[in-house]
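Chains as they are written, first to last, in the working numbering: chain A, 1 to 118; chain B, 1 to 109.
1. For residue 54 (chain B), which residues from the same chain have a beta carbon less than 7 Å from its beta carbon, with the 5 sequence-adjacent residues on both sides left out?
2. Among residues of its own chain, excluding the 5 on either side of residue 32 (chain A), which ones have a beta-carbon nearer than 8 Å to its beta-carbon?
3. Closer than 7 Å by beta-carbon distance: list the chain B residues that pair up with residue 43 (chain A), in chain order.
4. Since residue 74 (chain A) contacts residue 29 (chain A) with CB under 8 Å, what's their CB separation in whole angstroms?
5. Hey, is residue 106 (chain A)'s beta-carbon within less than 7 Å of any beta-carbon in chain B?
6. Taking 8 Å as the threshold, find out whether the region 71–86 of chain B comes into contact with the region 36–44 of chain B through three or more Cβ pairs.
7. For residue 95 (chain B), which residues in chain A fall below 8 Å Cβ to Cβ?
8. Looking at the structure shown, is residue 93 (chain B) part of a helix, part of a strand, or coil, going by DSSP?
9. Which residues in chain B have a C-beta closer than 9 Å to the C-beta of residue 46 (chain A)? List them in chain order.
10. Are the Cβ atoms of residue 69 (chain B) and residue 25 (chain B) separated by less than 7 Å?
11. Would a check of beta-carbon distances place residue 42 (chain B) closer than 7 Å to chain A?
12. By how many angstroms is the C-alpha of residue 65 (chain B) removed from the C-alpha of residue 35 (chain A)?
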């Protein structure tokens with residue numbers, strides 16, 4: 001099946017710093033990627049839809065100036081958490097949409113990035 | 001809007017059968033997915049239903065009734081490694097997935 005990677009898998013940073021998370025589709029081109037956030041014992045919450053070559057679409061309540069998304073190529077989307085604070089500590093997961101139609105599993109998930117802001 | 005409900009927690013015994021229900025009310029429907037997620041890991045795909053009926057895949061089966069907005073995931077011959085969260089997700093417009101809150105399943109010996 002399709003493979004999606006995320007880097008880094010773990011990051012610990014001081015409050016006020018910015019953190020960049022990369023999401024790559026390794027064996028297919030993804031014009032659309034999704035960024036999710038998951039707090040402990042909760043389900044995945046969609047943060048934004050990242051479209052290659054255009055601005056991301058953010059879900060209600062997600063600050064676009066705080067969570068910067070760049071989808072500069074068909075295999076890479078980045079999420080930058082700017083001026084991170086402890087409340088931003090969470091598990092961030094990306095998924096990439098496979099091209100074409102008729103495929104049952106159209107979103108492939110990355111392994112996730114755990115962010116801890118001190 | 002989107003509303004997806006599933007039980008928060010369930011407990012079952014090793015070797016038994018467990019059914020996890022999911023009800024949904026969504027503006028647009030393009031398939032329903034079940035994912036398994038172990039703590040600290042990303043979700044892994046289990047099943048997909050777009051037509052009414054039962055889809056069987058080994059120890060796992062998933063059922064869908066579109067008219068009732070209802071699905072269930074059936075796990076047979078439970079194993080300890082099946083202890084995980086099970087996420088019901090509906091695919092709507094634009095291939096977006098909306099997830100339910102997840103059901104934490106604990107399998108006991």
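Beta carbons: idealized from backbone N, C-alpha and C, even for Gly.
So, to answer that:
1. 61 and 63
2. 49, 50, 51, 52, 96 and 97
3. 87, 99, 100, 101 and 102
4. 4 Å
5. yes
6. yes
7. 32, 97, 106 and 107
8. helix
9. 96, 97, 98 and 99
10. yes
11. yes
12. 29 Å
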